[in-house]
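K.L.:
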Amino acid sequence: MKLTLKIWRQRLPKEKGKFETYYIENVSRDMTFLEMMDSLNEKLIQEDKDPVAFDHDCREGICGCCSMVINGRPHGPGTEITTCQLNMKAFKDGDTIVVEPWRVKSFPVIKDLIVDRSAFEKIMAAGGFVNADVGSAPDANSIKIPKDKSDEAFDAAACIGCGACVAACKNSSAMLFVAAKVSQFALLPQGKTEGLKRAWDMVMKMDELGFGSCTNTGDCEAECPQGISLTHIARLNREFIRAGFHKAAAENK
Amino acid sequence: MSNFIQSSIGKKFIMSITGLFLILFLLVHLAVNSMIVFDSSGELFNNAAHFMTTNPIIKIVEPILAAGLIIHLWWASMITLQNQIKRDNNNIGFKRYKIRKNNSTSKWVSRNMYILGTLIIVFLVIHLANFFWKMKFTGDPLLAHDSNGVENAYALVTSAFISWKWIVALYVVGAIALGLHLYHGVWSAFQTLGWSNKKWRRIFNGFGIFVSIILGGGFAFIPLFVMIKSMI
Amino acid sequence: MTVLNSKIPDGPLSEKWTNHKNSLKLVSPANKKKLDIIMIGTGVAGAAAAASLGEMGYNVKVFCYQDSPRRAHSVAAQGGINAAKNYRNDNDSVYRLFYDMIKGGDFRAREANVYRDAEVSNAVIDQLVAQGVPFAREYGGDLTTRSFGGVQVSRTFYAQGQTGQQVLLGSYNALKRQEAKGTVKMYPRRQMLEIVKIDGKARGIVCRNLINGEIERYSAHAVVLASGGYGTIYFLSTLAVNSSGAAAYAAYKKGAFFANPSFIQIHPSCIPQLNDYQSKLTLMSESLRNDGRVWVPKGKGDKRHPNEISAEERDYYLERRYPAFGNLVPRDIASRAAKERCDAGFGVGETGYAVYLDFSDAIKAQGKKTIKNKYGNLFDLYNKITGEDPYTQPMKIYPAGHYTMGGLWVDYNLMTTVPGLYAIGEANFSDHGANRLGASSLMQGSCDGYFILPYTIGDYLADEINTGKISTDTTEFDLAEKEVKNKIDNLMSIKGNTSAHTFHKKLGKIMWDYCGMARNENGLLKGLEEVTKLEEEFYKDLKITGDTKTINQSLERALRLAASFEISRLLIRDALNRKESCGAHFREEYQTPEGEALRNDEDYSYVAVWEYTGDGKEPKLHKEQLVFENVKVTQRSYK
């Protein structure tokens, strides 16, 4: 296949970036999108140009490094896949493909297609954990958890932290990401004890870091490589609203 | 509590509460309006309208309703504006991504609630000027009182729909905008309030569609009904 | 022999760890605050250790090359994590888990270390559950388990096919908790390039900030390497493309001995290579062999669609050869058996280098729903990559490089031969012998991280409480920084014609061909020669474009690759030295008439430990003799 690629190039965080056009031939339909990018980079190196920088690591859809918007969709066409799992079969000979980084105010571009997702780290540090000291745990089977709850918690816990939800959201809201963690722990007895505080702290941190608010459009759910459901956002809302009322009640005491 | 209201979810909470409250009003409003269809003499509608304008409870609810509407509007504007500026990291300008999604992953309605809301507001202003303002403040010859002091609202409403076709068109457009707004809004409100889960998500979705068809369809049907009846 | 002191405590096996813990020195809470620890890597071992050490009150500085600790490659472990809980009442015990690991490792692991892992494993499961890791459960609410290769009990806890992700996120969350408390400081997007030694002790590191290219110095009272394995020397492997043994190799060059480098596991069930551009092979979890049956056609070169081949025409070769364990033989055996069939011309797929993993019988017996419940996401993953539906036709699988049992030599305290330098998880050599059993890497990483290192490191740090802050403004740091800068300048100034990516591919091919699943003396010698040749070419013809002041992934890769060449040579040397077959190390010259690995316990029952003696010089071999007091060393049999 022959392809035309329009790729966002930006050397430094503060510098102005622009789209560069590249032509690439001999693209096999069996390649993954990142392997196509590898071969483009080979070509750029041969032409003495700086290869396109992009985050990637495991290349099997689980590390969450991938951060490309391909033809306007995070992780490109297809559902429940990451960019590294995107097959070139999804494109036709002669196609023009536009590749951009996540465009989110809270995820500044570092270089080319690499963005700074440390905002997610800060949200997690605000409450994305269970306070369980090492060595103090009771026997694992002393906590019984119904299978359906446990399974639903797993569905939420499957989040890979890639940020496609934010990139897809017209409001740049990080609600699905936050909801995945809050919901996972809200469903489990281990996490319930501090559930309200967690929801409150994580949402407050999310707001502080400049993510938008959720308007329930569902783009995040559609683009999530792990297919994490909007119902987890509902659970987050529930927890947060309850936390709000608890706080108000405590203030009035 | 102020923290709560200023938080992203808190703002949406307010939107949901006010939104659901406005839907309640709309349901009552539609119920009253439907009298136009059921009684061609207009007596039923006139009595109902009279009851609504004079009833003390309604008198109390009216300012709350206005407040609800204003809060709904104000918050919507704030949220929309704030969300807009959180989108982009640099340059690029108005268009966030170079290519628009070719196969969109969300419904157009859900992404354009503010535009639909604006349409509804424009309609609302005209609607208020047409009927509410006249009934409440300026009066109109068509509203001539009967012996019991009941205004002839029926005459005012039907004459407008019969004599000006563009008003009918406007009302239909307004009703459709409202229907679309509710198509996403009802479900969204329940979702924001945290009432949705795996099972209830579908139920709320269905309920949202049902409400949007009833209200959107109902409000569109009445002017059309009056107009078509006059033409036959 | 005197240089290696494994510090294995005396006493009966089952009491060693308890006694040892009681004899370890302690550091008081007030003194812990004064001590810094550097952690390299944030996989299950690194994140767990950093979180636990932070929780104890130490100051921990954590480094990783990704943008977040959650992306470390432990995330990709699929199948599960072992523990001797005996929840299934199948007569499992700490001893059995220990014995299975020793036997699975073909009697090339240290008894005491393995036993300790088995002993601690139960506490790990407790800890993970307390952290909210959503392991699979029965309808009654209890944890459920499944079976894994080389084992006749069901002791593997799992979270669908994403157990590694969930276990890692458990420790990642704990790490975040400590970060919020201020005991842990994260340094992401850093590539560790040099260990700094002061007065013989590990005192810090020099690393490159991948965002702006700055060379940075960090000091600490102890340095812990949790940097994983070096399986990417095969280029195509199940590892993350940026994983490498470069950090461990830097330690080796600074005096940490390297043990058993040739013990590298080839995982039997990976999706076969589809084309030449491929950058990575995807694992299909070993758990699939619980229900999947492995077969090839009985007729050579049978190109019919698998569903058209009748049961009588199929050769279920694992069940035929190993009736007792059937499809659940250990990985090394399953891998070699697949290679044997394919080499003999019975392989399937376009290349003839694949075998079938068939679920039709399991689906018939248990129903599609049950199978979907167990393996749904793995089936989806397979379908995504190959476009074939495993529910209706068998999967095609083939072995690929996966895990390195070898690594930095450590004593019972997990300390390398450099005082103050520790190695945990896959980066060390200690627990898996010549072959790792499935689901025991998450176990070992977690054991090391949560329960072993946090205790043993105190024994060393207890003597450091009066050291005070360590300055980075010393000649040792100056030198290390200069070395790193020179290295980078060197690579940048070659300005040849070939990219690091291409060199890596070539290296991978050499290593796979000459030092892969089966090895022989001639091949190894040829491989050594080719690697050396390629390395020379690398330093003449490497081409890196871009600059060193912004993100430069070609440079990062070249720096890793420079180490990979040297590791490859060390690996081949070790393989040459070990004139026996054991576990994953299969020398064609040493096999039984049935083609099984033939061990030579008389001459090779030792850990081969290599000491760096200088560039271009032969490394020096030390031997740690393995003593088996609690198990009878036998020919491994899964028949």
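In order, the protein sequences belong to chains X, C and W.
Sequential numbering of the first sequence, starting at 127, is according to my numbering.
Sequential numbering of the second sequence, starting at 369, is according to my numbering.
Sequential numbering of the third sequence, starting at 2, is according to my numbering.
Note that CB positions come from ideal geometry on N, CA and C, so glycine has one too.
Every value quoted in this text rests on a predicted model; they were computed, and no experiment measured them.
1. Hey, quick one: how far does the alpha helix (DSSP H) through C/PRO591 stretch, first residue to last?
2. Residues in its own chain within less than 8 Å of W/ASP316 by CB, not counting five upstream and five downstream?
3. Taking Cβ-Cβ distances below 7 Å as the criterion, which residues of the region 101 to 132 of chain W are in contact with chain X?
4. Tell me whether W/ASN429 sits in a helix, a strand or coil according to DSSP, three-state version.
5. Between the beta-carbon of W/GLY171 and the beta-carbon of W/VAL134, is there less than 8 Å?
6. Buried or exposed: which applies to C/GLY461, given that a residue is buried once 16 or more other Cβ atoms fall within 10 Å of its Cβ?
7. Chain C beta carbons: is any one of them nearer than 8 Å to that of X/PHE303?
8. Select from W/LEU282, W/PRO391 and W/VAL115 the residue whose C-alpha is nearest the C-alpha of W/ASN308.
9. Check whether the Cβ of C/SER649 lies closer than 8 Å to any Cβ atom in chain X.
10. Say whether the region 172 to 185 of chain W touches the region 41 to 53 of chain W, bearing in mind that this needs 3 or more beta-carbon pairs closer than 8 Å, one atom from each stretch.
11. Is the CB-CB distance between W/HIS268 and W/ILE38 below 8 Å?
12. Consult DSSP for C/SER527 and reduce its assignment to one of helix, strand or coil.
13. Between X/ARG199, X/GLN310, X/ASN297 and X/CYS295, which has its C-alpha nearest W/GLN167's C-alpha?
14. Counting only Cβ pairs nearer than 9 Å, list the residues of chain X close to C/ARG570.
15. Work out the CA separation of W/THR549 and X/MET194 for me, nearest whole Å.
16. Distance cutoff 8 Å, beta carbons only. Does X/LEU160 sit that close to anything in chain W?
17. On a CA-only basis, which of W/SER238, W/ASP412, W/LEU226 and W/PHE258 is nearest W/LYS62? Give me that one, please.
18. Straight-line CA distance for X/ALA266 to W/ARG138?
19. Check W/GLY408 in the structure and name its three-state DSSP category.
20. For W/ILE398, does the three-state DSSP call read helix, strand or coil?
21. At which residues does the alpha helix (DSSP H) containing W/ASP602 begin and terminate?
22. For the beta strand (DSSP E) holding W/ALA223, just list the boundary residues, first then last.
23. Residues in its own chain within less than 8 Å of C/ASN459 by CB, not counting five upstream and five downstream?
24. Can you tell me whether W/VAL628 is buried or exposed? The criterion is at least 16 other CB atoms within 10 Å of its CB, across all chains shown.
25. Spatial neighbours of X/GLU206 within its chain, please: CB distance less than 8 Å, with the 5 preceding and 5 following residues excluded, ordered by chain position.
26. From this set, W/ALA247, W/TYR253, W/GLU314 and W/ASP359, which residue's C-alpha is nearest W/ARG290's C-alpha?
27. So, at 7 Å on beta carbons, what are the nonlocal neighbours of X/TRP134 in its own chain, with the 5 sequence-adjacent residues on each side left out?
28. For chain C, check one thing: does any of its Cβ atoms lie closer than 8 Å to the Cβ of X/ILE359?
29. In chain C, which residues lie less than 8 Å from X/SER298 when you measure between Cβ atoms?
30. On the CB-based measure, 16 or more other CB atoms within 10 Å of its CB, does W/PRO620 come out buried or exposed?
31. In this structure, what does DSSP give as the bridge partners for X/THR341?
32. Considering just the uninterrupted stretch of the alpha helix (DSSP H) at W/ARG570, what are its terminal residues?
33. Assess contact between the region 479 to 488 of chain W and the region 123 to 130 of chain W, defined as three or more Cβ pairs (one per stretch) separated by less than 8 Å. Is contact present?
34. Which residues mark the beginning and the end of the beta strand (DSSP E) in which W/PRO455 is found?
35. Tell me which residues of the region 225 to 243 of chain W have at least one Cβ-Cβ distance to chain X shorter than 9 Å, keeping chain order.
36. Tell me the rounded alpha-carbon separation between W/HIS403 and W/GLY232.
P.N.:
Walking through what the data contain:
1. Start at 1 with the first residue of the second sequence, and residue 591 of chain C comes out as number 223. Note, C/PRO591: alpha helix (DSSP H), 586 to 599.
2. Counting from one through the third sequence, the residue named residue 316 of chain W turns up at place 315. Here the set comprises TRP296, VAL297, PRO298, LYS299, ARG342 and PHE347.
3. ILE126, ASP127, GLN128, VAL130, ALA131 and GLN132
4. Against the third sequence, residue 429 of chain W aligns to sequence position 428. Strand.
5. Stepping through the third sequence from its first residue, residue 171 of chain W is reached at position 170. Stepping through the third sequence from its first residue, residue 134 of chain W is reached at position 133. It is a contact, given that the beta carbons lie within the stated cut-off.
6. Taking the second sequence and counting its residues from 1, the one referred to as residue 461 of chain C is at position 93. A caution first: C/GLY461 carries a pLDDT of 49, below 50, which makes its placement in the model too unreliable to give a value.
7. In the first sequence, the residue the question calls residue 303 of chain X occupies position 177. By this cut-off, X/PHE303 is not an interface position.
8. As a first step, residue 308 of chain W must be located in the third sequence, where it is residue number 307. Residue W/PRO391 is the option with its Cα nearest to W/ASN308.
9. The requested residue 649 of chain C is not part of the displayed model; chain C covers only 369 to 600.
10. yes
11. For this step, residue 268 of chain W is matched to residue 267 along the third sequence. For this step, residue 38 of chain W is matched to residue 37 along the third sequence. For W/HIS268 and W/ILE38, no; Cβs fall outside 8 Å.
12. In the second sequence, the residue the question calls residue 527 of chain C occupies position 159. Here C/SER527 sits in helix by DSSP.
13. Here the question's residue 167 of chain W lines up with position 166 in the third sequence. Of X/ARG199, X/GLN310, X/ASN297 and X/CYS295, the residue nearest in Cα terms is X/GLN310.
14. Along the second sequence, one-based indexing puts residue 570 of chain C at 202. Correct list: empty, because the minimum Cβ distance to chain X is about 10 Å.
15. Looking up residue 194 of chain X in the first sequence gives position 68. Looking up residue 549 of chain W in the third sequence gives position 548. Straight-line Cα distance between these residues: approximately 23 Å.
16. Position 34 of the first sequence, counting from 1, holds the residue named residue 160 of chain X. X/LEU160 counts as touching chain W.
17. Taking the third sequence and counting its residues from 1, the one referred to as residue 62 of chain W is at position 61. Looking at the Cα atoms, W/LEU226 is the closest of the given residues.
18. Locating residue 266 of chain X in the first sequence gives position 140, where the first residue counts as 1. Locating residue 138 of chain W in the third sequence gives position 137, where the first residue counts as 1. Spanning the two alpha carbons is a distance of roughly 11 Å.
19. Taking the third sequence and counting its residues from 1, the one referred to as residue 408 of chain W is at position 407. Of the three classes helix, strand and coil, the one that applies to W/GLY408 here is strand, per DSSP.
20. In the third sequence, residue 398 of chain W corresponds to position 397, counting from 1. It is a strand residue.
21. Looking up residue 602 of chain W in the third sequence gives position 601. Where W/ASP602 is concerned, the enclosing alpha helix (DSSP H) stretches over 602 to 605.
22. The residue labelled residue 223 of chain W in the question sits at position 222 within the third sequence. Where W/ALA223 is concerned, the enclosing beta strand (DSSP E) stretches over 223 to 226.
23. Start at 1 with the first residue of the second sequence, and residue 459 of chain C comes out as number 91. Model confidence at C/ASN459 stands at a pLDDT of 48, short of 50, so the residue's coordinates are unreliable and nothing is read from them.
24. For the purposes of this step, residue 628 of chain W is taken as residue 627 along the third sequence, with counting starting at 1. With fewer than 16 other Cβ atoms within 10 Å, it is exposed.
25. Within the first sequence, the letter at position 80 stands for residue 206 of chain X. These residues qualify, in order along the chain: CYS350, PRO351, GLN352 and GLY353.
26. What you label residue 290 of chain W is simply residue 289 of the third sequence in a count that begins at 1. Of W/ALA247, W/TYR253, W/GLU314 and W/ASP359, the residue nearest in Cα terms is W/ASP359.
27. As a first step, residue 134 of chain X is located in the first sequence; it is residue number 8 there, counting from the start. Here the set comprises GLY143, PHE145, VAL225, GLU226, PRO227, ASP238 and LEU239.
28. As a working note, residue 359 of chain X is residue 233 in the first sequence. Chain C contact via Cβ: present.
29. Position 172 of the first sequence, counted from the first residue, corresponds to residue 298 of chain X. Near X/SER298 (Cβ distances below 8 Å), the residues of chain C are ASN451, LYS454 and ARG455.
30. For the purposes of this step, residue 620 of chain W is taken as the residue at position 619 of the third sequence. With 16 or more other Cβ atoms within 10 Å, it is buried.
31. Indexing the first sequence from 1 puts residue 341 of chain X at position 215. X/THR341 pairs with nothing; no bridge assigned.
32. On the third sequence, residue 570 of chain W is found 569 positions in, with the first residue counted as 1. Taken as a continuous stretch (DSSP letters only), the alpha helix (DSSP H) holding W/ARG570 covers 554 to 578.
33. no
34. To locate residue 455 of chain W, count along the third sequence from 1; it is residue 454. It is not in any beta strand (DSSP E) - W/PRO455 instead sits in the alpha helix (DSSP H) that spans 454 to 462.
35. THR239, LEU240, ALA241, VAL242 and ASN243
36. The count along the third sequence starts at 1 and reaches residue 403 of chain W at position 402. The count along the third sequence starts at 1 and reaches residue 232 of chain W at position 231. If I take the Cα positions, the gap works out to 6 Å.
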